[in-house]
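Reading through the structure tokens given below for one structure.
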Amino acid sequence: MGFFSKLFGSNKSESNTPEVEPTHYNGYLIYPEPKQEGGQFRIAGRICKEVNGELKTHYFIRSDLLSSRHDAETFMIKKSEMFIKQMGDKMFK
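Numbering (UniProt numbering), first residue to last: 1 to 93.
Structure, rendered in structure tokens:
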């Protein structure tokens with residue numbers, strides 16, 4: 001059965017992704033979600049905020065590659081905080 005689910009696009013592989021604990025910053029939730037690429041980690045994640053009763057999400061992907069997941073998560077949080085200071089809710093438009 002595993003062969004057929006892979007062949008026809010079952011989403012089981014997506015459930016293997018670890019749940020990310022968000023960092024709270026000025027009313028925003030920052031979810032660091034580095035992408036593994038060739039033994040390194042690309043800085044990526046989400047910035048979320050509830051605006052007028054609707055959850056808004058901005059996906060954040062950078063070209064930077066780092067050697068460890070922890071470093072990529074830390075850098076993502078720092079860059080997201082700077083982005084939030086600069087853009088605020090305008091990032092969702």
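Using N, Cα and C, we set each Cβ at its ideal position, and we do this for glycine too.
For residue 56, the three-state secondary structure derived from DSSP is strand. Residue pairing by DSSP places residue 45 opposite 32 and 60 in a beta bridge. A Cβ-Cβ separation of about 11 Å leaves residue 65 out of contact with residue 75 under the 8 Å criterion. By the neighbour-count criterion, in which a residue is buried when 16 or more other Cβ atoms sit within 10 angstroms of its Cβ, residue 61 is exposed. Per DSSP, reduced to three states, the secondary structure at residue 37 is strand.
For the options 51, 21, 63 and 69, the alpha carbon positioned closest to that of residue 92 is the one of 51. If you draw a straight line from the Cα of residue 49 to the Cα of residue 38, it is about 32 Å long. With a threshold of 16 other beta carbon atoms within 10 Å, residue 80 meets it and is buried.
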